[in-house]
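Take a look at the structure below.
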Amino acid sequence: MNGVPAARSGGARRGRDRRARVLPARPGARRIDGARPTTAVIGGGIAGLAAATALAERGVAVTLYERRPYLGGRVGGWPTRLRDGSTVTMSRGFHAFFRQYYNLRGLLRRTDPGLERLTALPDYPLLHAGGLRDSFRHVPRTPPWSALGFAALSPSFRLRDLRAMNPVAALPLLDVRVPQVYERLDGTSAHDFLDAVRFPRGARHLAFEVFSRSFFADPRELSAAEMALMFHIYFLGSAEGLLFDVPRSPFPAALWDPLAAYLGRHGAEVRTGTAVESVTPRPDGGYDIAAGREERRHDTVVLALDTAGLRSVVARSERLGDGPWRERIARLRTAPPFLVSRLWLDRPVAPDRPGFLGTSGFGTLDNISVLERWEDEAARWAARTGGSVVELHAYAVPPEATWDIEQKLLIDQLHRVYPETRAASVVDARHVWHDDCPLFPVGGFTGRPAVRTPDPGLVVAGDLVRTDLPVALMERAATTGFLAADALLERWGVRGRALWTVPDRGRGAVLRGLAGWAGR
């Protein structure tokens, strides 16, 4: 799918980057005319919500199945009652809504046109246990000055380290294209790529591993192509910068409850708490969806599941897809477990603590959030009690780790980073463990499913899905959800949706030339 410059698209640009790319909508009828085809969207995370929204808006009769009692997937939330009697919202932890997430933000604009339910965090500081500290607050947003500015302003880049680097090995980062970057770097781990570049150790922790761990993966297992793509999205490909927004309220209130109501107004049926057991192709071309004790027929299906869920449903749906496709699904892997610990403390953290702090070298602790800095529910609790709501993340915890011990160690690291919390009592705590994030291992790109499958009535969406666009994480989920809907709408001659991405190649001819020279 070829893009055209945003300035020539004729539509509103979804960010400040003049070189953002728009992928024009495929032509067709504006809406379904006549009998409404039916689609089962299985999975109520970002990908499923994007697919359901795009289909329902075009007149498709959508049924959205979600096994959990809430929407949003890994960005969902649910109520819990604290020991002090407060009812609050728990979630699977902090998520950053970067300005490069054009399609995700477009989904949210359906119910919040000005994105007023998001608020900007003023900085994204990073702290290493050795004392190094970095910030993105004053880093220029336009490449290549963003990367150069970060290096110039960062104490983790020392002159002797920069002299020791191997610039030729780093040249592939100057012109990242999809899927070519996978052909070039998917056979190398992120760790080995950084070794080849001789990237400074301190800067490696703060500038690169923060990205690899956002994939919930150890850099030794993560494909260098995924890391290079992240570097392109944030540093050298986009002028949106590295600062981000966060929801002003818990995820359900800020994001998904309004979108569920929007889907209802477009005739979609949202069935939370309903697990799909199997999908069976019918001789007439439709599908039988077995969910609980009920079976329904649908014309088409979107599988918008996490890795484990996709493997499970496909394994129980013996006639779905063909042999090679089923084998690829069965081989998909999940990343190591991760832990989110949220603590309600009886006294506040120091007033100069940022809303979000990335950490490195503090055991398994990857970041600390102080929720009352931006979330209204946490702010009300803190104001009423005089305390703080603090959240700790540990990505890629060793699978053999003992949960109780890890939870204690994580709190011990909090005390190292924010010593004033040693004197605080924990009013209540919630510890959430999951191991359902996709793993993008070395050499794994070709084995990942694409949006389209051997069956034209069946499509797949999610952050695990392979696509030839420069997107990742939540933005990949939203983008593949829209692409899945578009693939089905094409069957009925209905217009698709325009999509946006960061530039799909290096920004400057000189940088692209250098990268091309290195690839010869």
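Residue numbers (my numbering): 1449 to 1968.
Note that beta-carbon positions come from the ideal geometry of N, C-alpha and C, so glycine has one too.
For residue 1839, no alpha helix (DSSP H) run applies; the uninterrupted beta strand (DSSP E) run containing it begins and ends at 1836–1842, by DSSP. The alpha-carbon of residue 1496 is positioned some 14 Å away from that of residue 1508. Around the beta carbon of residue 1575, 16 or more other beta carbons sit within 10 angstroms, so the residue counts as buried.
The criterion of a C-beta distance shorter than 8 Å is not satisfied by residue 1487 and residue 1719. Residue burial annotation: residue 1715 is exposed, with fewer than 16 other C-beta atoms found within 10 angstroms of its C-beta.
Burial check for residue 1737: the Cβ neighbour count within 10 Å reaches 16 or more, so the residue is buried. Nearest neighbour of residue 1484 by Cα position, chosen from 1498, 1473, 1499, 1503, turns out to be 1503.
Within the model, the alpha-carbon separation for residue 1541 versus residue 1953 is close to 32 Å. Note on geometry: alpha-carbon atoms of residue 1808 and residue 1783 lie some 19 Å from one another.
As DSSP reads the structure, residue 1582 sits in a beta bridge with 1574. In this structure, residue 1919 sits near residue 1949, with a CB-CB distance shorter than 8 Å. Every unbroken stretch of the alpha helix (DSSP H) spanning 4 or more residues and falling wholly within the stretch 1721–1799 is given here in chain order: 1755–1764, 1771–1779. Residue 1702 places its beta carbon 8 Å or farther from that of residue 1725.
The Cβ-Cβ distance between residue 1669 and residue 1886 does not fall below 8 Å.
By the Cβ neighbour-count rule, residue 1839 is buried, with 16 or more other Cβ atoms within 10 Å of its own. When Cβ pairs closer than 8 Å are counted between the two stretches, the stretch 1794–1812 is seen not to touch the stretch 1678–1687, the count staying below three. DSSP, reduced to helix, strand and coil, places residue 1863 within a helical segment of the structure shown. Three or more pairs of CB atoms, one per stretch, sit closer than 8 Å, so the stretch 1679–1698 contacts the stretch 1528–1546. Counting only the Cα atoms, residue 1621 lies some 14 Å from residue 1594.
Residues 1563 of the same chain have their beta carbon placed closer than 8 Å to that of residue 1557, with the five preceding and five following residues left out of the count. Comparing alpha-carbon positions, the option among 1686, 1897, 1614, 1539 lying closest to residue 1523 turns out to be 1539. Spatial neighbours of residue 1626 in its own chain (CB-CB distance under 8 Å, excluding positions within 5 residues in sequence) are listed in chain order as 1677, 1915, 1916, 1917, 1918, 1952.
For the pair residue 1925 and residue 1493, the CB atoms are nearer than the 8 Å cut-off. Per the DSSP secondary-structure output, residue 1881 pairs in a beta bridge with 1787.
Sequence-distant Cβ neighbours of residue 1513 in its own chain, meaning closer than 8 Å and more than five residues away, are 1488, 1489, 1490, 1491, 1492, 1719, 1722, 1723, 1724, 1737, 1739. When only Cα atoms are considered, residue 1852 and residue 1530 end up about 20 Å apart.
Distance between residue 1813 and residue 1786, taken at the CA atoms: about 10 Å.
Counting along the chain, the unbroken alpha helix (DSSP H) around residue 1678 starts and ends at 1672–1679. The beta carbon of residue 1624 lies closer than 8 Å to those of 1676, 1677, 1679, 1680, 1684, 1685, 1918, 1953, 1954 in the same chain, with the five residues before and after it left out. Separation of the CB atoms of residue 1792 and residue 1876 is rounded to 5 Å, and the pair is thereby assigned contact status at 8 Å. The Cβ neighbour count for residue 1790, taken over all protein chains shown within 10 Å, is at least 16; the residue is labelled buried. Residue 1673 sits buried, since 16 or more C-beta atoms from the chains shown fall within 10 Å of its C-beta. Residue 1583 and residue 1634 do not touch by the CB rule: their CB atoms are close to 32 Å apart, not below 8 Å. Within the same chain, 1525, 1526, 1527, 1528, 1698, 1699, 1700, 1701, 1825 come within 8 Å of residue 1537 by CB-CB distance, once the 5 residues on both sides are set aside. Nearest neighbour of residue 1642 by Cα position, chosen from 1519, 1663, 1941, 1612, turns out to be 1612. Taking the Cα positions, residue 1828 is about 8 Å away from residue 1820.
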